[in-house]
Each structure stands twice: as C-alpha cells, then as structure tokens.
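Heads up, the thing below is written out as structure tokens.
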Amino acid sequence: MENDERHGLTRRGFLGATAGATAGTALLAVGTGPAAAAAGPADTVRAATDAWPIAEPYPPVHGGGFTGPRVKESPDPLVAYRWPDPKADDGLQVYRLRPAAVVADPPESFGNLSSVTTARCDVAVRGTGSIRVDFGVESPAWLEFDSPDFSGTVELSISEYNVPGKVNPGPPHPDKTLAPQRYGDTFRLELNPDLYEGVRFGWIHVRTFDQPWHITAVRAVCQAKPTNYNGRFACSDPQLTRIWYAGAYGVRVGFQHDYMGAILMDRGDRYGWSGDCNPIQAAALVAFGDTDFVKANLARTADDNQGIESYSLYWVLSLLEYHRHTGDADTLRSYIDNVRGKLDHAETLYAAPQSTFFGWDERLGAGFEAPNRPETAAVYRGMYRQACREFADAMDGIGRSDVAGPYRAAADRHDAELHADPDWFGPLGVHARAHAVNARSIRPRERQGVVAGEFDDRLNRLSFSTFNQYPILQAMTALGRTDDAIVTARDNWGGQLDYGGTTFFEVYRPDWNKILGPNDPVPNSQSGWTSLSHPWGGGVTAWLSHDVLGITPRSPGYDTVDVFPRPGRTLSWVSGSVPTPHGDVSVSYDIRTGSGTLRIPPGSRGRLGIPSDGRKVRVVRVGRKVVWDGRYRPVPGIGAASADGDSVVLDDIAPGTYTLSVVQQGRRPAAHRPGPMRYPMRFAGQDRKTAGDWGGVYGRDGQVLFNYDGMGHDRSDLPDYVESVSVWRTGWSGARDAVWVAGTDERRALAADRSNGGARAAACVYTTTPNPGGMTMPVDIAVRPNTSFQMALYFVDWDSTARRLAVEVFDLATRKLVAPEQLVDDFHGGAWLVYDCDRSVRVRVAHVLGDNAVLSGVFFGPAGSAVPR
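Shown next, in the form of structure tokens:
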C-alpha cells in the first residue's frame with residue numbers, strides 16, 4: 001500500500017486547475033470546439049500541408065477540404081471537413097492540435113509559457129518542474145514536443161482528466177507516464193504499438209536540469225478515419241445539439257482502419273465488442289451514413305460475442321437496424337442462418353438465462369460482479385422477444401414468411417406467459433421494463449402501470465452505463481414520455497458535457513458534477529478505471545435523430561419514411577437530416593410559429609406528423625394551399641391527410657421540398673418542468689472533527705471495526721436490528737484486509753471502545769486497485785424491516801496523503817441509488833460520512849486516486865443524531 005508520489009497533488013494543487021492564463025486560446029488544426037471558437041478551417045489545412053518534423057505512422061489529412069458547415073456546438077476539429085468519397089477500407093490519416101491552455105509548477109521554471117498555445121511556441125526551460133497542457137478536446141492521439149537544444153531528462157504524461165493517467169495492469173504501460181522516444185529534435189510519448197491513447201491533457205515533466213533549453217512546439221498528433229458528417233441535428237436547446245454532436249464525435253474517434261473501436265484509453269480491452277457496437281453503429285448510420293463501414297463491422301463481429309450471451313442478441317438487433325436503414329436484403333439473407341442459430345440458442349436459455357455481463361449498473365449485477373439477477377434475466381428475455389419480432393418483420397419483408405412464422409410465434413407465446421400474471425411487470429426495474437416496451441410486449445392498458453415508480457423517477461431512470469441508457473430513452477419515447485426522456489438525456493449526457501467532457505463516458509452519475517471540479521479525476525467503478533471516451537455512449541445521437549427529430553424508415557432503405565418531430569413541451573423547434581440510400585431526409589419545425597420545411601428525396605415517399613404541444617391542429621398549409629382544415633384537401637405531392645388526436649398526419653408524400661404553415665387552436669401550454677431528483681435517504685453530512693474518537697458521537701447502538709483485532713478479525717458489536725455487515729472478499733470486487741498499526745495513540749486511529757481511551761489500532765478493508773475488478777468494494781448491511789438508524793462510515797488515509805475515494809449507497813434489495821454520491825479526499829486525519837437510513841443498504845466504496853480505497857469501520861446509532869461540523 002505504498003504511496004504513488006506522482007498522484008500526491010490534490011485537486012486544489014496546480015494539477016487540478018482547469019485553466020491557466022491562456023485558457024481559450026485557439027487550437028492548431030481545429031475550427032470548432034469549446035476552447036477554440038476563434039480558430040478556423042485554414043488552421044487545419046495548414047497543419048495538413050505544412051512540413052511535419054518527423055515521419056508519422058499515417059499520412060496527414062488529405063483528399064478533401066473544409067467545405068461543410070462549421071458547427072459551433074461540435075467538439076470535432078473535422079466536423080466541417082469533407083472527403084470526396086470515404087470508404088470502409090480507407091486507412092487512417094493524422095492531424096495536429098495545439099494546446100488551448102497551459103499551466104506550470106513551479107511557474108518560475110518556465111519562461112514565456114503562454115507561447116505554448118500559439119504558432120510561435122518558445123518556452124524557456126529554467127529548472128525542474130511540470131508543464132500541463134489542455135488540448136480542449138479528447139482525441140485518439142499521442143503527445144509530442146520539439147526542442148532544438150534539449151538537455152537533462154524528461155518524462156511525458158497524458159490523461160483524459162487533469163492528473164496524469166493510470167489504468168489497470170494489462171496494456172504495455174498502465175501508468176501513462178514514460179520517458180519519450182527521441183527523433184532528432186522531436187520527442188514522442190509511445191505507450192503502445194498503436195501510439196494513440198485518449199488524450200485531453202498532456203504533461204512535460206522536467207525531471208533533471210543541467211542548463212537552459214527551449215520547447216518550440218507542443219502538439220497532440222490525432223488519428224482519423226475519413227468520415228463525413230452527412231447527418232445533422234439542431235434544436236432550441238443548445239445542450240441537446242451539443243449532445244448530438246458529441247455523441248457522433250465520440251463514435252468517430254473510435255474508428256480504426258478496419259473496425260469500430262470501443263475505447264480510446266489503452267487498458268487492455270481496446271477492440272471491437274459486438275454488443276458495444278449496437279449504439280455505435282446506430283449513431284454512425286444517422287450521423288455519417290457510412291453504411292459500408294457498418295456492414296464491414298457487422299461481418300467482423302458476426303461470430304464473436306466475447307462470451308456474453310446478450311451480445312449475440314445485440315448483434316442481431318444491429319443487423320436488423322442496418323437492414324432497415326439500407327434495405328440491403330442480400331446482406332440480410334446471407335445472415336439468416338446466423339440469426340436463426342443465435343435466436344434458437346437464446347430460446348434454450350429463456351427460462352433461466354445465464355449471463356456474464358449486462359452493464360455496469362448495480363441493478364444489472366454491477367458488470368461481472370453478480371450478473372445473474374432477476375432483473376438481468378428479464379432484460380435478456382425482453383431482448384430475445386424484441387429480436388424475434390424484428391427478425392420476423394424483416395423476413396416477411398423479403399418474402400421469407402416461412403422463416404418469420406416460428407419466431408413471431410415464439411415472441412407471442414412468451415408474451416402470453418407474461419400476461420397470465422396481471423402484475424407481471426411489477427417486480428421489474430427500469431432496464432427490464434424498457435426492454436419489454438421495446439419488445440412490444442406492453443399492452444395499452446398496462447402503460448400507466450409500467451411507467452409508475454420507474455420511468456417517472458428522475459433519479460432511478462438513469463442507468464450508470466451510458467450503454468444501457470439508450471434503450472431506456474427509446475422506451476420512454478414509445479411510452480409517450482418524450483419530455484421526460486429529454487430531461488434524462490440532459491441529466492446523463494448533458495451532465496457529462498457540463499463536467500467538461502467532449503466525448504461520452506463509460507459510466508456517469510450526475511452527482512459527480514456536485515462533488516468534482518471540471519475535468520477532475522472521476523470515480524472508478526466496477527467497470528475498472530473509468531473511460532471518459534467510450535463510444536457506446538453514442539446511442540443518444542441515434543435517439544435524437546429518430547425520436548426527437550423523428551426521422552425513421554417506415555420500410556427498409558427509407559423507401560417509405562416517417563417524419564414525426566417530437567418537440568413536446570420542452571423544445572420550441574427542431575431541425576436536421578438523416579442520410580438515407582435515396583439522399584437526405586430533412587425536416588425543420590417550429591412549434592411556436594407553426595412553420596416548417598420537409599424534404600423527401602427522389603425514390604422515397606413520406607409520411608409527416610404535425611406535432612401537437614397540447615393544442616389542436618386546425619389548419620395545415622403546404623406552400624399557400626390548405627391541405628387540412630378539418631378534412632383533407634388535395635394538394636400536389638400530398639396523397640392524404642388525417643387527424644391523429646390533436647395532431648395531423650400527412651401521408652403518401654411524394655419526393656420534393658415542402659414549406660409548411662400550421663394554425664393551432666388555443667394558447668400554448670406551459671413548458672414542461674421536470675421535478676427534482678429525489679433521494680429516498682438523507683445524507684446527514686461529512687465530519688472532519690471527530691477523527692477516531694467515536695465514543696459518545698457515533699456507534700451508540702453498535703459498530704464493526706474492520707481487522708481491529710488482527711488480519712481477518714473484525715471487532716464487532718452489532719445492534720439487534722442489524723442482521724449482518726458483509727464485506728465482499730471474493731469475486732470481481734473482492735476486498736482485502738489490512739492492519740497498518742496494531743498499537744498507536746494517534747487520534748486518527750479508531751478508539752477501541754466508547755471510552756476513547758487506551759491503545760488503538762489502525763486497520764481497514766481496501767480495494768484491490770489497480771486490478772480491473774479491484775476499483776470498488778461493496779459492503780452489504782442487512783437490517784430488520786421497518787428500521788430507522790444512523791449509519792456512520794469512517795475512513796482514514798493512514799499511510800499517505802494521496803488517496804481520494806467516492807461512496808455510493810444503494811437499496812440492498814432493489815439496488816436503486818438511495819443517497820447522493822460523496823467524495824472523500826484529504827483524509828489523512830480521518831473523515832466520517834453519515835447517513836440516516838430506513839432500510840438495508842449496500843455501500844460501495846470506489847477508488848478515485850492513490851493506492852486504493854479504504855474503509856475502517858461502520859457505526860450504528862439513532863437516526864437523526866447530530867453530526868459534528
């Protein structure tokens with residue numbers, strides 16, 4: 001449990017600062033992004049054509065130009081770049097980013113520091129210390145600097161957040177700090193054979209100094225597969241627009257030359273996962289329309305589920321989505337036997353599904369920790385029914401009703417089994433209910449009951465994994481709760497942007513924004529070292545295009561297309577397009593003014609839903625002609641019109657561009673106002689005053705002091721209402737035991753009893769960091785029903801000052817989050833977290849920084865007891 005000195009600086013030190021004096025300086029080679037609004041496309045063109053100081057593994061960006069629109073909401077430096085005809089077999093290209101901000105420690109060691117962010121970098125190195133640069137956007141990149149007169153020794157670091165990165169054992173260099181390789185006057189950080197990592201921040205550490213020298217350039221060299229933004233999205237909420245583009249960018253940066261990657265940071269799992277690719281490919285289809293690359297990726301993953309049963313079903317759903325988007329019946333036919341084999345195998349598992357992984361959410365078994373839960377079994381069954389129905393629909397569409405019949409019958413049979421119990425959905429959580437909705441297993445009279453307690457709970461309709469949030473959004477829209485789904489998208493993906501992210505994360509909690517500073521190290525979790533660039537978070541981009549903008553294929557290949565914008569009572573307007581085999585389908589609609597446009601490309605016919613915000617649509621004009629005033633009136637290009645509740649549907653729309661004008665009856669209803677996130681339990685506070693003198697303050701009813709009487713020997717005196725306190729010591733997240741000191745008089749060590757007198761012991765249970773499963777440890781506390789009590793947790797960073805940890809509390813039965821996540825740092829002198837509880841709970845202690853996360857004791861007392869401040 002030795003301290004890693006490189007991680008000794010806290011977020012209150014210079015390494016935790018998020019902007020220096022030069023924050024906001026334009027990036028080299030980007031025309032957009034939050035830190036570089038002033039940079040233009042010419043910067044990138046110059047970066048691509050200027051001489052490069054050393055040979056790179058791929059050629060500079062070439063073949064196209066910045067002919068597309070600049071999008072200020074996009075973090076992508078290449079959002080406006082257009083290659084003439086990108087293909088699935090195109091190789092990678094590279095471009096350069098200049099730092100957007102810089103800080104140094106100590107400042108006196110580096111003269112002319114602000115020049116790092118300019119085209120005329122000339123930093124005078126005058127002593128030892130560290131420079132940290134922020135490139136303003138995370139990229140698949142490697143770090144380089146130039147020096148014509150280098151002297152001494154240096155190390156370089158990279159990271160996704162504002163301290164040097166570190167991951168689990170497995171990759172060539174888990175610690176993302178290393179001496180660079182020298183190529184003439186250029187110094188490059190080489191952490192793996194592919195060079196790239198997830199780079200947002202970079203460091204130059206001057207370890208030894210013997211004479212002054214200069215740094216004449218600092219850059220991130222970023223790789224890119226030629227990919228054009230052929231789709232677009234915008235709306236009255238700039239954050240949602242940013243979400244769409246960040247989701248697309250996060251998918252694009254994962255593209256390798258021959259597959260769609262799942263993570264940027266090299267932690268040993270950097271390859272294409274068939275299940276992860278479901279939201280990745282969905283986003284790629286609407287944002288880029290690169291159907292040949294999706295097809296190639298499907299072929300690559302067709303026979304590999306990585307040992308995860310649900311990933312076979314995700315692959316089937318991805319294939320069917322590809323077919324709906326492209327109409328590529330030949331490819332679908334080529335996989336009929338593959339799909340049948342997967343579905344027939346899934347049928348054998350239906351009664352008792354066994355899984356190794358469903359997602360990182362506690363309710364889904366916390367990843368590999370305990371995935372075989374009733375909730376995950378129900379999720380698997382819902383996925384199977386959905387895959388069967390969608391496969392049957394596809395088979396009917398290509399004239400293979402002989403194949404369709406058995407699978408539709410299987411889904412119907414299993415639905416009948418469910419509905420034999422009128423409350424079949426009652427025990428299901430939000431994940432299982434979402435998959436049941438997406439499987440079309442919900443009857444109309446069940447919708448309100450399915451929503452209650454899950455989809456109407458703003459806190460617990462959030463999934464810890466952005467991967468699992470995507471089907472929840474789809475289900476919420478299908479249930480008619482688009483306004484709430486938009487709130488959820490803001491809470492999840494919008495929160496990641498508010499934190500400072502430019503790509504989407506593997507896991508996320510909105511509480512992080514309350515306990516962390518911008519771009520601070522995030523809590524690690526049962527997922528291992530948390531990835532801040534995980535393309536599986538891109539599903540929200542597909543959802544915004546299909547369910548908010550409202551463009552979906554009504555028949556394969558968009559031969560017929562539905563355009564049903566859903567601004568609801570949250571948005572005032574939406575606009576955008578989806579690339580299809582026939583060309584772009586585009587729509588814009590302003591529900592305040594009733595004005596809009598629609599484009600249906602040649603070869604397609606459309607159906608348009610005029611949205612209602614609670615007001616009745618009275619008149620619809622196309623151009624200057626009335627097509628609806630209570631009944632259909634013929635207008636060229638519009639084959640029919642009909643009422644649908646308060647809205648109107650225009651049908652059989654011929655190819656063309658149409659201008660719409662709508663009159664609605666009455667006043668526009670008030671905007672949708674979401675309720676707050678409500679935590680069922682109260683966090684009573686953090687106590688830095690009591691230290692180890694717990695007697696008379698905590699533990700009035702009882703306590704457990706871990707390993708206090710030696711390794712594996714807890715000192716336990718539990719109250720009658722506590723049935724057990726169980727630390728997981730085996731499996732994926734198993735904790736370990738430690739005794740720092742068997743006898744001490746230091747006040748920060750827990751006292752032996754309530755008298756606070758005599759010799760003390762300093763001991764704990766701790767996470768097995770840096771192992772992938774060793775980033776957290778669960779502690780389960782079972783109490784009698786209907787018990788209210790105070791729970792106080794004690795932490796001490798006994799042997800260092802570097803540890804930082806986070807704590808989550810869940811309902812032990814439902815695994816729902818019940819209290820806000822808390823951060824504990826600077827606790828060398830001890831710290832308490834205190835909760836008022838009313839149920840059995842699971843406490844999950846997670847590593848953030850330092851050797852590991854630790855917990856020394858759990859104390860019980862009357863609920864509502866005072867917490868010293």
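1 is the number of the first residue of the sequence shown in the UniProt record's numbering; add one for each residue after it.
Where a beta carbon is used, it is the ideal one built from N, C-alpha and C, also for glycine.
Got a sec, what are the start and stop residues for the alpha helix (DSSP H) residue i sits in?
| i | result |
| --- | --- |
| residue 277 | 277-287 |
| residue 598 | Counting along the chain, residue 598 falls outside any alpha helix (DSSP H), though it belongs to the beta strand (DSSP E) covering 595-600. |
| residue 158 | Counting along the chain, residue 158 falls outside any alpha helix (DSSP H), though it belongs to the beta strand (DSSP E) covering 153-159. |
| residue 388 | 374-397 |
| residue 244 | 238-252 |
| residue 471 | 466-478 |
| residue 271 | No alpha helix (DSSP H) holds residue 271; DSSP gives it neither H nor E. |
| residue 256 | Per DSSP, residue 256 belongs to no alpha helix (DSSP H) and is neither H nor E. |
| residue 292 | 291-301 |
Here's the rule: buried if 16 or more other CB atoms are within 10 angstroms of the residue's CB, otherwise exposed. What is residue i?
| i | result |
| --- | --- |
| residue 70 | exposed |
| residue 387 | buried |
| residue 868 | exposed |
| residue 281 | buried |
| residue 625 | exposed |
| residue 667 | exposed |
| residue 775 | buried |
| residue 521 | buried |
| residue 735 | buried |
| residue 183 | exposed |
| residue 907 | For residue 907 there is no data in the structure shown, the boundaries of the chain being 1 and 869. |
| residue 758 | exposed |
Among all the DSSP beta bridges, which residues are the ones paired with residue i?
| i | result |
| --- | --- |
| residue 132 | 103, 203 |
| residue 817 | 810 |
| residue 638 | 635, 653 |
| residue 214 | 124 |
| residue 579 | 584 |
| residue 263 | Answer is none; residue 263 lacks a bridge partner. |
| residue 736 | 766 |
| residue 616 | 665 |
| residue 139 | 199 |
| residue 232 | 577 |
| residue 146 | 186, 217 |
| residue 60 | 94 |
| residue 357 | Note: residue 357 sits in no beta bridge, so no partner. |
Taking Cβ to Cβ, would you say residue i is nearer than 8 Å to residue j?
| i | j | result |
| --- | --- | --- |
| residue 438 | residue 469 | no |
| residue 312 | residue 355 | no |
| residue 856 | residue 706 | yes |
| residue 718 | residue 692 | no |
| residue 795 | residue 842 | no |
| residue 215 | residue 145 | yes |
| residue 773 | residue 358 | no |
| residue 324 | residue 602 | no |
| residue 700 | residue 831 | no |
| residue 209 | residue 111 | no |
| residue 219 | residue 159 | no |
| residue 261 | residue 254 | yes |
| residue 385 | residue 334 | no |
| residue 590 | residue 572 | yes |
| residue 459 | residue 817 | yes |
| residue 223 | residue 196 | yes |
| residue 164 | residue 177 | yes |
| residue 109 | residue 125 | yes |
Tell me where the beta strand (DSSP E) around residue i begins and ends.
| i | result |
| --- | --- |
| residue 610 | 605-610 |
| residue 423 | Looking at the DSSP string, residue 423 is not in any beta strand (DSSP E), and its letter there is neither H nor E. |
| residue 625 | 625-628 |
| residue 551 | 551-553 |
| residue 335 | Here residue 335 belongs to no beta strand (DSSP E), and DSSP marks it neither H nor E. |
| residue 79 | Element bounds for residue 79: n/a, residue is neither H nor E. |
| residue 326 | Here residue 326 belongs to no beta strand (DSSP E); instead the alpha helix (DSSP H) covers 309-326. |
Inset, instruction - Pick out the complete beta strand (DSSP E) segments inside the region 662-724, 3 residues or longer, and give them in chain order. - result: 682-687, 702-705, 715-717
Inset, instruction - Run through the region 782-868 for me and flag every whole beta strand (DSSP E) of 3 or more residues, listed as ranges in chain order. - result: 789-795, 804-811, 817-825, 831-837, 841-849, 857-861
Inset, instruction - May I have a chain-ordered list of the alpha helix (DSSP H) segments no shorter than 4 residues that lie completely inside the region 495-541? - result: 495-499, 512-515
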